[in-house]
Structures are given as C-alpha cells and as structure tokens.
Amino acid sequence: MGDRFIPIRNVSNEFDISFESIRKTISEGTSLRRKSSGSVQRQFMELLSIELFGNKQVASRTFRYGGLKEKSERNFFDIPTRNSYSLSPISPQSQDLLLRPPKPKRIFPKAPYKVLDAPYLEDDFYLNLLNWGKSNILAVGLASSVYLWSANSGKVVKLHDFGEANNVTSVLWTGIGTNIAVGTDSGFIHIWDTECTKPIRSLRPHSKRVAALASNGHTLTSGGKDEMLAHHDLRKPECYLKIKGHDQEICGLQWESNLGQLASGGNDNKLVVWDYRSTRPLHTFLEHNAAVKAIGWSPHQRGILASGGGTVDRSLMIHNTLTGKLQNRLDTGSQVCNLAWSKTSNEIVTTHGYAKNQVSLWKYPSLSNVVNLTGHTNRVLHLSMSPDGQSIVTGAGDETLRFWKLFNRKPKQESSLIR
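Take 605 as the starting number for the sequence shown in my numbering and just add one per residue.
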C-alpha cells in the first residue's frame, strides 16, 4: 500500500504569507483614514515586521560574535539579536523604533515674511526682471532703471537709469556676483561693476529687446526678440557667436554647467537644448502648446530639465536630456510663468498666472503638489532664489515683491572616520 501524500510546508513561508495578509488587511481597513495617520501606520508595520522577523538591517549584525545554528535547527522566533534577559516584551530594535523622536512636521508660511513695493515692475510675461545674486543682493529692473536691494542690510541703491528709450528687459548677476548684466529694449546689454557703480562695457548683439540672459563661467548668453541666441566671452569686447535659435522671441535661458548644455525657450512653444560644442540643437522638444519661459535644471540629477508652458499649455514637464525623452508632465491648471529647483530638496517651485496667481511647490519625480501659496493679486511673472536656497522672492503685475521662506538649510554632512 502506497504512502499517503503529505505536503512539505515551510513554516517561514507560511508566516511570510500570514504577515502579508495582516499587512494587506490593515492597509485596506485604514484606506479611508486621513493622510495624517500614514506615518503611524508605517511605524506600526515596521514594528510588526521587527517582532515577527527580527531586524534585517545589516547594521544590527555588524561585528556580532556568536555561532550560527543550522537552518533546520532554528526556531521561527529564535531571533539572534533578541536579549534573553530583557524584561521588555519587545525586542531592543522595537524599543528603539518606539523611542525614536517623531519627524518634525514641515510648516509652510501662510504669508510672505517681507513685502516690498516695486513701482513700474512690468506686467510682461516675456521679461526677466529679478535676480538674487551670490552676494545676497537682489537686482530689480523697474522701467528704465536697475535697483539693488541688500538682503543683509535692507539698503536700496539705484544703480543707473538707462533712459526712456532703454527700458530694462532682463537682469543677471555674473561671475562672482559683483558684476551685473542688464538687457534693454533697444537690444543693448550693459555690463556694470556694482561695487564701483561704474559701467564696464556695452554690447549690442540684438536688433530688438533682450528678454533673457544666462551665464556659464566667462560666457554670457543672451536671447532676443530677434529670435537670435548670442554668446559673449566677457573677457573679450565683442560677441563671438550668434545662432538662429527660435522662430519667435526667446524668453527663457538656463545653462547646465556640468554638462555644458544650454536650454532655451521661446514664444514659438519650443524647448531647445544646445551643446556648447555645437551650433546645432541637441534636442528640440515640441510638447508645449504655448510660450516656454519657465526653465530650470535639476541641481540633484544630471540632465533633468523642468519647463513650464504659458496660458494655453499650463503644463509642467520634465525631460531627460541624456536620453532625449519626456519623463513626466502635469497640467498645473494655470499659466506657468517661472520655476526654480530647490537647492536643498528634490522639489520644484513654480509661479503662476490666471486665475489664482499662486506660488506652487511640487515633489520630484512624482510632481505631486506639496503646497500652494497665495497673496499676489496679479500673475506672478518673476522668481529668484536666495543664495542659501532657503527663500524665494516673487514679483508680480501688482507691483510688489514678496519674500517666502520655503526650504530648510541644507544639513551638514557628518564626517566619517572610515574614508
């Protein structure tokens, strides 16, 4: 008579399945709870995992002395790290988990910490009239003049009035943060030494207004309404290269210094990526349906480029310029006027036009919304970030500058004895 068939059961696998069933049941049962309970649920699941399976972290086994039992001799709850003489009903790892201080809740401002009047700040989508420099001085273009506001002292200095026919259309700090480039309506770019308050030189690379400026080392790049890109070596007196960049006005420019790539956006709805070694585009992205002014490179990951479209488009897009592919896109619900990456976290801040005129913060790479800030009464066209990466300043058609503290200081990296 044949032996009866007796299935071989793996006890560990059964407990794995049971734990997964418990986890699934708890997840389903708590799916209707508010998001605030998410961290508590994660902590409970981690605690349950430690108690059932022990701490699987490598750190708990590092340099541990003791003989190992054969796999068949081990009991399921015979956890090597368990203290046999402990009076606590839970393991030391679970105790550490329960005693761990909770992560402080992030608090966002309900209002800006400072508001400054900015009379004659142009309500023009294509212009770039704010730039916060390395020396902690904010440059602002108002009508035909450039003003400098020190974030350290609060002192305001009028750098220069370029005259009625030369309204300021773009400003950018260059080099170490003492020289400033000023683009104007007439196609001129004026370079000024702000410490001496004296002009260094004037260039005229464009036949029409200069709406966008970007800097990469000694190279200053400008984009004009004449659809041209112009590269200038600031050590030399003249422009050294001009390229037909777009089919309409160029309004957004950003260099990625590590890759040597330049991103340009224009009123022709194109986002173009250039390599510094070539006069031909590396990539031309056509997904936007409106002007592309908002452009920003990730400081955390090479080749990741964010862009935002105008009123008809309203999209925030992420491209990978190393692969040439669109990575993600989101309909923000309103005109994207400007954007900047956080220097301290993987987040993107965007400023918007009609209808809410809000400042929004998004998590990368999911593009999930973190917070929306309101206060401006007109579209928020201008944006710049402080040198320490903690604050942003926004400028709008309501002729105000508003300062918001959005990010924490980047934590210092702990030194290690092991190199």
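Ideal placement from N, C-alpha and C gives every residue a C-beta, glycine not left out.
Nothing here was measured: the structure is a model prediction, and the numbers come from that model.
* Asked: Over what stretch of residues does the beta strand (DSSP E) that includes L701 continue unbroken?
  -> First-last for L701: 696-703, but that is the alpha helix (DSSP H), not the beta strand (DSSP E).
* To do: Whole angstroms is fine: what's the gap from E891's alpha carbon to F766's?
  => 38 angstroms
* **Segment limits, beta strand (DSSP E) that includes E860** => 854-860
* To do: Identify every run of the beta strand (DSSP E) within the segment 819-846, keeping only runs that are complete inside it and at least 3 residues long; order them along the chain.
  => 823-828, 832-837
* Ordered along the chain, which non-local residues of its own chain (more than five positions away) have a Cβ less than 8 angstroms from that of T778? -> I784, A785, I795, S819, L824, L838
* Asked: Exposed or buried, what is N862 when buried is set at 16 or more other beta-carbons lying within 10 Å of its beta-carbon?
  -> exposed
* Asked: Leaving out the 5 sequence neighbours to the left and right, which residues in its chain are closer than 6 angstroms to L1005 when beta-carbon positions are compared?
  -> L720, A722, V997, G999
* Three-state secondary structure assigned by DSSP to S868 -> strand
* Just mark C855 as buried or exposed, buried being the case when its beta carbon has 16 or more other beta carbons within 10 Å. => buried
* To do: Could you check what DSSP says for I741 in three-state terms: helix, strand or coil?
  => strand
* Pairing CB atoms from the segment 901-918 with CB atoms from the segment 951-958, are three or more of them under 8 angstroms? -> yes
* **Where R646 sits in the DSSP three-state scheme** => helix
* To do: State the Cα-Cα distance for the pair P885 and S698, rounded to the nearest angstrom.
  => 56 angstroms
* If you drop the 5 nearest sequence neighbours on each side, which residues of the same chain put their C-beta closer than 6 angstroms to that of G864? -> Y880
* **Coarse secondary structure for L656, derived from DSSP in three states** => helix
* Asked: Quick one: Cα of A727 to Cα of Q645, how far?
  -> What sits at residue 727 in the sequence shown is Asp, not Ala. Near 48 angstroms, if we compare the C-alpha coordinates of Q645 and D727.
* To do: Work out the CA separation of L977 and G787 for me, nearest whole Å.
  => 30 angstroms
* Report all residues from its chain with a CB closer than 7 angstroms to the CB of N893; omit the five preceding and five following residues, and keep chain order. => N873, G913, V916, D917
* For G900, does the count of other Cβ atoms within 10 angstroms reach 16, so buried, or fall short, so exposed? -> buried
* To do: Keeping to the same chain, check which residues put their C-beta closer than 6 angstroms to that of S1099; ignore five residues upstream and five downstream.
  => In the structure displayed, the chain extends from 605 to 1023; residue 1099 sits before or after that span and is not available.
* Beta-carbon separation (whole angstroms), V876 vs S868, contact threshold 8 angstroms -> 5 angstroms
* To do: Specify, as a first and last residue, the run of the beta strand (DSSP E) that G787 falls within.
  => 783-788
* Tell me whether N1012 sits in a helix, a strand or coil according to DSSP, three-state version. => coil
* Can you tell me the Cα-Cα spacing of L930 and L833, whole angstroms? -> 24 angstroms
* Asked: Hey, would you say A755 sits closer than 8 angstroms to S990, going by beta carbons?
  -> yes
* Terminal residues of the continuous beta strand (DSSP E) containing H892? -> Segment: none, H892 is in no beta strand (DSSP E) and carries neither H nor E.
* Could you check if F712 is buried or exposed, using at least 16 other CB atoms within 10 Å of its CB as the buried criterion? => exposed
* Beta-carbon separation of T948 and F1011 under 8 angstroms? -> yes
* Determine the extent of the beta strand (DSSP E) in which D721 is found, giving its start and end residues. => 718-721
* V940 to K707 span [Cα, whole Å] -> 33 angstroms
* **Secondary structure of L807, DSSP reduced to three states** => strand
* Asked: Who are the Cβ neighbours of S739 in its own chain at under 6 angstroms, not counting the five residues just before and after it?
  -> G781
* Nearest neighbour of G907, chosen from W859, V896, L763, I847 [CA to CA] -> W859
* Within its chain, find whatever has a CB closer than 8 angstroms to the CB of Q994; leave out the 5 residues flanking it on each side and keep chain order. => T948, K1009, L1010, F1011, N1012, R1013
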